[in-house]
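Residue numbers (the working numbering), protein chains in the order written: chain A, 98 to 502; chain B, 98 to 502.
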């Protein structure tokens with residue numbers, strides 16, 4: 098069976114979704130539960146309904162849009178991604194997997210395909226850690242990786258609890274809810290572009306860990322406190338950020354990456370010695386033991402800096418998830434779908450973090466990558482070509498047809 | 098002649114002024130031109146009027162409260178300081194020099210002193226650089242150190258121009274406006290406490306310089322971009338902050354201090370590589386050549402980091418003022434006034450930045466320091482004892498009487 102993606106419509110929907118943003122184009126800012134995010138999700142729900150799908154939303158905002166199959170007892174075939182975006186991001190991260198899946202479902206309908214198993218588009222809430230400091234919030238709750246009780250303790254940067262936006266209790270899906278789950282996503286890395294492949298079949302998702310480091314020193318007037326008397330929190334933070342880089346490079350493995358993405362300084366005035374700094378550090382590897390060794394090295398560096406600079410340094414592991422292997426049978430289904438496309442494709446690991454990492458706990462899961470220019474993501478100049486997006490959606494359509502038959 | 102300071106009233110006025118704050122006690126936040134700052138200045142104007150002084154305000158908010166002397170042709174004796182406060186500051190910085198001077202003037206009146214020269218309390222606007230990125234805005238304009246045209250180019254962090262708050266043109270005072278100027282201030286350093294002296298006579302004010310460093314690298318997803326491919330702006334910033342410390346220590350002089358007080362990171366998400374960092378750096382020394390050598394070393398370090406990490410690093414000198422020597426005759430007057438107090442006093446330099454630095458350009462100027470606990474300033478736990486504050490005000494009263502006679 099062959100499927101035709103309405104590329105013009107898919108691209109136009111991506112452009113429309115990009116207009117829901119709190120930053121000026123081309124930068125996209127869509128923080129979960131913001132007014133802009135709510136409007137984007139309302140638009141998306143309408144779009145799913147208009148496409149003939151039965152839409153429901155759980156208590157914290159995960160969206161489920163279902164095309165009912167002929168066998169009401171069969172577990173569903175799931176697909177989807179997220180639409181929230183970090184400050185000044187691009188318009189393809191997550192959204193290609195949501196609107197691409199919707200285009201794939203419409204292509205199946207247009208081809209008069211009749212699914213035996215239901216096909217369900219799942220739009221995860223809060224994939225980005227921007228607001229609550231933890232990524233993949235929706236899929237963590239759906240998979241039971243995060244308990245409702247633990248989620249109730251989460252607050253955003255302004256101190257507002259997650260619970261104010263919805264009850265996170267009892268959201269876990271039964272393990273027989275999905276027969277399979279496939280996420281389409283831009284690669285967010287340079288490999289497909291380098292090898293010239295149009296499609297990537299993900300065999301495993303790297304194991305991410307996130308650390309928060311709170312550094313307390315002693316403030317004071319920048320003109321008055323002599324250098325030997327200082328306990329400057331920012332200088333401690335500077336040493337730690339450089340140690341994070343050194344620890345990642347020291348493994349010698351190209352798959353080890355570590356990033357200090359957050360560095361907030363108080364009081365933050367030119368004539369005041371920094372008394373307090375908050376760092377947030379992201380450490381990933383495809384190898385769990387190697388990643389944990391980097392986490393350990395960073396914590397050790399924090400302790401060394403604390404002792405040498407007489408600072409109080411508290412480290413907290415925000416999350417340290419295990420890597421996920423993708424399902425071998427689904428990898429075979431995707432391989433077959435990619436072959437039908439008659440373009441280059443390759444198997445690869447995902448170093449980026451995805452909701453599929455958690456979905457793999459409750460369903461056979463795989464991911465399909467499409468290229469993005471220069472491997473750039475989480476930036477306004479993130480770009481994926483119309484051809485690559487359509488190729489990805491069409492390949493997803495083939496896989497869904499195979500799985501839902 | 099002996100003067101009696103009404104200590105209870107002075108302390109109570111300091112407490113009242115502390116209630117004008119945008120942070121919870123004991124932290125004081127009073128950003129220039131905020132609603133809170135406006136209310137505090139309105140209260141202060143009323144207080145000066147009630148104390149029998151003729152109050153005027155210039156176009157940008159410098160306050161002048163004058164006790165007219167018997168000789169209308171004589172240049173005035175000026176005294177004063179500022180009342181704006183950085184975020185989470187204490188309640189004595191600046192305010193002791195304003196309310197202490199007012200208490201001194203009331204003490205002179207109570208003692209039936211008749212000034213020949215007018216005595217004028219001057220409350221400078223925007224001493225702190227918090228809002229406009231430049232310290233001593235009021236005294237820079239009054240002294241002509243900053244032109245009205247240059248001031249018109251200043252904007253606050255939200256991009257609002259200074260001009261929206263008042264016209265900075267034509268504010269410079271004539272050089273014969275003040276016969277002398279004395280600023281009473283807490284030391285903001287540990288020296289008086291260490292030596293047990295109750296009073297410090299400032300012989301010179303250190304030469305501050307401020308640099309802004311804008312670092313541009315390349316953002317991207319923290320999971321996806323490999324370590325060798327990164328151009329992480331925060332890692333460059335970390336190296337520069339450590340180089341600032343190293344450069345200050347390398348002079349070997351205890352009077353050299355350098356601080357990176359501002360470090361703002363974009364996009365500032367745990368899973369995004371920092372693409373942009375703004376640093377603001379404060380470098381001070383009592384010796385101009387030595388300070389300028391540190392500025393040069395910091396700029397050199399920025400260039401080295403830029404080259405090694407393939408970052409774009411722009412450095413801008415926000416200000417690099419010359420140090421000021423206090424007036425020898427005024428130092429003698431203060432010495433005599435201190436002797437009358439029969440407590441320990443000593444001569445010292447001020448490493449902190451004061452409006453007196455600029456007033457010294459248009460009038461013979463000196464400063465009188467009182468101790469503060471632990472040398473702490475710009476913090477909620479900033480503290481000066483009632484006894485020390487009253488001693489400072491009484492010594493100032495003696496000096497004013499001598500100078501206005």
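Ideal Cβ positions, reconstructed from N, Cα and C, are used throughout, including at glycine.
Check: Neighbourhood of residue 418(A) by C-beta, 7 Å cutoff - its chain only, sequence neighbours within 5 removed; Outcome: 304, 305, 454
Check: Selection of the region 363–382 of chain A by Cβ proximity to chain B, strictly under 7 Å; Outcome: 364, 365, 366, 367, 368, 369, 370, 371, 377, 379, 381
Check: Nearest-angstrom Cα separation, counted from residue 291(A) out to residue 393(A); Outcome: 33 Å
Check: Residue 443(B) at chain A interface by Cβ criterion, 9 Å; Outcome: no
Check: Residue 464(A) - containing beta strand (DSSP E), residue span; Outcome: 462–467
Check: Test: residue 450(A) CB closer than 9 Å to a CB of chain B; Outcome: yes
Check: Span of the alpha helix (DSSP H) around residue 109(A); Outcome: 104–115
Check: Interfacial residues, the region 214–239 of chain B to chain A, with Cβ spacing under 9 Å; Outcome: 225, 226, 227, 230, 232
Check: Residue-level contact to chain A via CB, residue 476(B), 9 Å cutoff; Outcome: yes
Check: Closest by C-alpha distance to residue 281(B), when choosing among 138(B), 428(B), 409(B), 243(B); Outcome: 428(B)
Check: Residue 324(B) at chain A interface by Cβ criterion, 9 Å; Outcome: yes
Check: 9 Å Cβ cutoff met for residue 431(A) and residue 216(A); Outcome: no
Check: Cβ pair count under 8 Å reaching 3, the region 211–228 of chain A against the region 165–177 of chain A; Outcome: yes
Check: Separation of residue 195(A) from residue 452(A), as counted between CA atoms; Outcome: 12 Å
Check: Cβ distance (whole Å) where residue 238(B) is taken to contact residue 180(B) below 8 Å; Outcome: Incorrect: roughly 17 Å between the Cβ atoms, too far for contact.
Check: Cβ-based contacts, 9 Å cut-off: residues of the region 338–359 of chain B near chain A; Outcome: 338, 339, 341, 342, 345, 346, 351, 352, 353, 354, 355, 356, 357, 358, 359
Check: Runs of beta strand (DSSP E) lying entirely within the region 298–372 of chain A, each at least 3 residues, in chain order; Outcome: 304–313, 354–363
Check: Beta bridge counterpart(s) of residue 163(B) as assigned by DSSP; Outcome: 151(B), 217(B)
Check: Which residues DSSP lists as bridging residue 413(A), in chain order; Outcome: 309(A)
Check: Chain B contact residues for residue 115(A), given Cβ-Cβ distances below 8 Å; Outcome: Residues of chain B passing the Cβ test: none, with the nearest at roughly 17 Å.
Check: Within 9 Å, strictly: CB atoms of residue 465(A) and residue 298(A); Outcome: yes
Check: Which listed residue (389(B), 383(B), 360(B)) has its alpha carbon closest to that of residue 377(B); Outcome: 360(B)
Check: Given residue 485(B) as reference, the closest of 334(B), 148(B), 249(B), 294(B) once Cα atoms are compared; Outcome: 294(B)
Check: Alpha-carbon to alpha-carbon, residue 387(A) and residue 346(A); Outcome: 12 Å
Check: Residue-level contact to chain A via CB, residue 205(B), 9 Å cutoff; Outcome: no
Check: Touching by the beta-carbon criterion (3+ pairs, under 8 Å), the region 269–289 of chain A and the region 461–480 of chain A; Outcome: yes
Check: Beta-carbon spacing of residue 356(B), residue 341(B) below 9 Å; Outcome: yes
Check: Selection of the region 267–301 of chain B by Cβ proximity to chain A, strictly under 7 Å; Outcome: 285, 286
Check: Cβ-based neighbour list, residue 334(A), same chain, cut-off 7 Å, excluding 5 preceding and 5 following; Outcome: 312, 360, 374, 376
Check: Residue 289(B) beta carbon less than 9 Å from that of residue 129(B); Outcome: no
Check: Whole-angstrom distance between residue 338(A) and residue 403(A), CA atom to CA atom; Outcome: 13 Å
Check: Residue environment, residue 371(A), which counts as buried when at least 16 other CB atoms sit within 10 Å; Outcome: buried
Check: Option in 456(A), 438(A), 348(A), 115(A) with minimal Cα separation from residue 421(A); Outcome: 456(A)
Check: Partners in chain B for residue 332(A), counting only beta-carbon separations shorter than 7 Å; Outcome: 338, 339, 342
Check: Closer than 8 Å at the beta carbon, the chain A residues around residue 122(B); Outcome: Those do not exist, as residue 122(B) stays about 17 Å from chain A at its closest Cβ, beyond 8 Å.
Check: Inter-residue Cα distance where the pair is residue 480(A) and residue 365(A); Outcome: 35 Å
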